[in-house]
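In terms of our numbering, the sequence shown opens at residue 124 and continues consecutively.
Beta carbons: idealized from backbone N, C-alpha and C, even for Gly.
Have a look at the structure below, then the notes.
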Amino acid sequence: MSRAAFVERLSAIWEDSPWVAVAAFPAAPFANIAALHNEMVRAVTNAGETAQLTLLRAHPDLAGKLARGGGLTAHSTAEQAGLGLDRLSDAEFDWFDRHNAAYRERFGFPFIIAVKENTRDSIKTALAARLDNDPAVELKTALGEVAKIAKFRLEGLLGT
């Protein structure tokens, strides 16, 4: 696969961050999905904090206004809809709006969690609990969640 084809096919795996696929390409070919994922995670790890924060900031708020307005990527739309985060009551949307705003204010990026591993209630519990994290711990936690999301997306695109 050419570099251009590789990047085009994998550019959506890391939310609006095709640079991850660009950085991983030189290690091709990959023995399997796990090897590809590991190389992509390595690229994010080695990119430095500025690029990592840009990657995190590319993610939308869970159950946020962008989601309600239909402005998410196809992956994010499907992931959030899978848990019904697009069909909450007004009170639930208000809860997410308030907690998402507090989280962004504290950490400078949106709350990120691999929704495929969670329920609506576990997401709410995690969001409330992670607001108390140290910023360095939360950066590492959010990057770990992004890596999980990318793994699920790769498996969905390429098979398990």
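- Pairing Phe219 with Leu179 gives a Cβ-Cβ distance that is not under 8 Å.
- Ranked by Cα distance from Met124, the first of Ala144, Ala251, Gly171, Glu138 is Ala144.
- Contact check for Leu159 and Ala146: beta-carbon distance about 12 Å, past the 8 Å limit, so the pair fails to qualify.
- By the criterion of a C-beta distance shorter than 7 Å, Thr264 is surrounded in its chain by Arg253, Asn256, once the five residues flanking it on both sides are discounted.
- By the 16-neighbour rule on beta-carbons within 10 angstroms, Glu261 is buried.
- Between Thr248 and the set Ser134, Ala273, His222, the nearest pair of CA atoms involves His222.
- Between Glu138 and His182, the CB-CB gap stays under 8 Å.
- By the neighbour-count definition (other C-beta atoms within 10 Å, threshold 16), Ala166 is a buried residue.
- By the Cβ neighbour-count rule, Asp213 is exposed, with fewer than 16 other Cβ atoms within 10 Å of its own.
- By the criterion of a C-beta distance shorter than 7 Å, Phe275 is surrounded in its chain by Ala237, Lys239, once the five residues flanking it on both sides are discounted.
- Only residues of its own chain outside the window of five on either side were considered, and among them Ser140 have a CB closer than 8 Å to the CB of Thr177, listed in chain order.
- Approximately 5 Å separates the beta-carbon atoms of Ile136 and Ala273; this is inside 8 Å, confirming the contact.
- In the three-state reduction of the DSSP assignment, Glu228 falls in the helix class.
- Remark: C-beta atoms of Ala151 and Phe129 approach each other more closely than 8 Å.
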